[in-house]
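These notes are about the structure you will find just below.
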Ligand code: AMP
Ligand code: GLY
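Residue numbers (the working numbering): 1078 to 1499.
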């Protein structure tokens, strides 16, 4: 099997690594990939842009690629799947219409309402005056969301009405056409990623991300600073409810809209203090860094699952099997992220970290003059597996301690919530 993998983050390094565990996968071509994917045997990078559909399609056809797996949301939202499918190329990832579940928060909210799914109450606005008047009639905290893709920067959890109004002005001034204003929910967040072929949906192990930059969940929102799986809050009984009350209704609602959704449906959930799961958002792709915590525990060959999704054969697959134990992932970022940061700092110690048994996934890295240097905000993701969280986290942090670069930053409290649990 030959797989073309689109993306260049830690998530794609983890996907490539898991796919290559199977001898059935002869070759992976990463577009554009990173220095992590470049360093693996049977894996090569192809320097095309992720929105160069023509280039990607041509390569996939000429090289007889078995399947294209799309990592990031942007090419999905731009219609890469529609483009490649017209050429009879198998694609793992939803079409443009399906990707709206992530690319338009108002579209997603109306789908949730249509399906009768538990989610925060929300209203959609097209102008600042009406939106601000609405907020003034509500209580803070309140949540203001840009409708479109915003690279994790489109959501303001406003502590006061004034803060919410400032966020509304900011969005409309920046030409955001629609703003969603949502009821504030409290509780614990969990990411449930599920594989679907448009008919059947199979959840993966639940994971917990750490979205804020600062320890104690403070400061700006980021792409994610660390993750662990399986998240104990999503007990098997709760996962059953999530499947029946959220995932299956989502697929049914997509079908009702005539959407053949094949790929990952990622539900970002709030588990309220009384144990109710409510949808905060859907994403149309694997999470980053959740994937770097989930996939190392996967035993079923990943290529079988992904291919079955593209061929609408997921129902025929045996139940997904998982390794015993848990995984913890710590993201190492460049100082200043998610704001401005420097690139080009020399990175050392990765081999030493891996000698300790951890896996180091590359995200923002590059080879320059034969040296590995930083090339992004989130630079590396370090994952360790253990019998329990204490073990996995101790090992992950011991590995992180081996790695050095100027201005390196990471949170020291990843998994603190579950550290003492078995
Ligand atoms: P989203 O991109 O919609 O998941 O929002 C990003 C983050 O904002 C989430 O991970 C939550 O931490 C927070 N958030 C979003 N919606 C709500 C809400 N209704 N209540 C409380 N926090 C929220
Ligand atoms: N880690 C959050 C995301 O992938 O959207």
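For glycine and all other residues, C-beta sits at the position ideal for the given N, C-alpha and C.
Here the structure is a predicted model, which is why all the values come from computation and not from measurement.
Span separating the alpha-carbon of residue i from that of residue j
i, j, result
"residue 1424", "residue 1449", "6 Å"
"residue 1319", "residue 1193", "13 Å"
"residue 1456", "residue 1294", "20 Å"
"residue 1227", "residue 1099", "35 Å"
"residue 1280", "residue 1123", "31 Å"
"residue 1079", "residue 1119", "10 Å"
"residue 1544", "residue 1356", "Outside the modelled stretch of the chain, which goes from 1078 to 1499, sits residue 1544, for which no answer is possible."
"residue 1358", "residue 1446", "42 Å"
"residue 1213", "residue 1238", "6 Å"
"residue 1191", "residue 1341", "21 Å"
"residue 1206", "residue 1242", "9 Å"
"residue 1144", "residue 1382", "12 Å"
"residue 1140", "residue 1372", "27 Å"
"residue 1175", "residue 1325", "15 Å"
"residue 1438", "residue 1209", "43 Å"
"residue 1414", "residue 1296", "11 Å"
"residue 1479", "residue 1299", "24 Å"
"residue 1334", "residue 1188", "9 Å"
"residue 1129", "residue 1331", "27 Å"
"residue 1308", "residue 1201", "32 Å"
"residue 1273", "residue 1195", "20 Å"
"residue 1248", "residue 1162", "35 Å"
"residue 1367", "residue 1271", "12 Å"
"residue 1156", "residue 1365", "21 Å"
Own chain partners of residue i with C-beta closer than 8 Å, once the 5 adjacent residues on each side are dropped
i, result
"residue 1292", "1488, 1489 and 1490"
"residue 1316", "1269, 1280 and 1283"
"residue 1236", "1217 and 1218"
Beta-bridge partners of residue i, as assigned by DSSP
i, result
"residue 1343", "1270 and 1360"
"residue 1254", "The partner list for residue 1254 (beta bridge, DSSP) is empty, contrary to what the question assumes."
"residue 1230", "Beta-bridge pairing links residue 1230 to no other residue."
"residue 1239", "Residue 1239 is not bridged to any residue."
"residue 1290", "Looking at the DSSP assignment, residue 1290 forms no beta bridge with any residue, so it has no partner."
"residue 1439", "1457"
"residue 1485", "1411"
"residue 1494", "Beta-bridge pairing links residue 1494 to no other residue."
"residue 1081", "1106 and 1145"
"residue 1048", "Any answer about residue 1048 is impossible in this case: the structure gives the chain only from 1078 up to 1499."
"residue 1249", "DSSP lists no partner for residue 1249."
Check: residue i C-beta below 7 Å from any heavy atom of the ligand GLY
i, result
"residue 1266", "no"
"residue 1225", "no"
"residue 1294", "no"
"residue 1366", "yes"
"residue 1300", "yes"
"residue 1085", "no"
"residue 1519", "Not covered by the structure: residue 1519. The range shown for the chain is 1078 to 1499."
"residue 1465", "no"
"residue 1122", "no"
"residue 1446", "no"
"residue 1172", "no"
"residue 1360", "yes"
heavy atom of the ligand AMP below 7 Å from residue i C-beta
i, result
"residue 1260", "yes"
"residue 1357", "yes"
"residue 1345", "yes"
"residue 1197", "yes"
"residue 1481", "no"
"residue 1252", "no"
"residue 1209", "no"
"residue 1234", "yes"
"residue 1222", "yes"
Cut-off 6 Å between Cβ atoms - residues of its own chain near residue i, not counting five sequence neighbours on either side
i, result
"residue 1485", "1409"
"residue 1261", "1218, 1219 and 1220"
"residue 1302", "1287, 1408 and 1488"
"residue 1350", "1264"
"residue 1452", "1420, 1441, 1442 and 1443"
Nonlocal neighbours in the same chain, by C-beta distance under 7 Å from residue i, ignoring five residues either side
i, result
"residue 1224", "1181, 1182, 1183, 1253, 1254, 1255, 1256 and 1257"
"residue 1132", "1125"
"residue 1171", "1153, 1158, 1338, 1339, 1340 and 1361"
"residue 1463", "1402, 1403, 1469 and 1472"
"residue 1093", "1082, 1105, 1107, 1114, 1117 and 1120"
"residue 1370", "1284, 1304, 1305, 1306, 1404, 1405, 1406 and 1460"
"residue 1387", "1144, 1167, 1168, 1169 and 1339"
"residue 1399", "1282, 1374, 1375 and 1376"
"residue 1496", "1466, 1467 and 1470"
"residue 1493", "none"
"residue 1134", "1160, 1161, 1164 and 1166"
What residue ranges within the stretch 1171-1209 form continuous beta strand (DSSP E) runs of no fewer than 3 residues, ordered along the chain?
Segments of the beta strand (DSSP E) lying fully in the stretch 1171-1209: 1199-1202.
Unbroken alpha helix (DSSP H) runs of length 4 or more, entirely within the stretch 1297-1344: which are they?
Listed in chain order, they are 1313-1319 and 1325-1333.
In chain order, which continuous runs of the alpha helix (DSSP H) of length 4 or greater are located wholly inside the stretch 1094-1152?
The stretch 1094-1152 contains these whole alpha helix (DSSP H) runs: 1112-1115 and 1130-1139.
Where in the stretch 1376-1419 do unbroken runs of the alpha helix (DSSP H), each at least 4 residues long, occur, reported from the N-terminal end onward?
Here the runs fully enclosed are 1379-1387.
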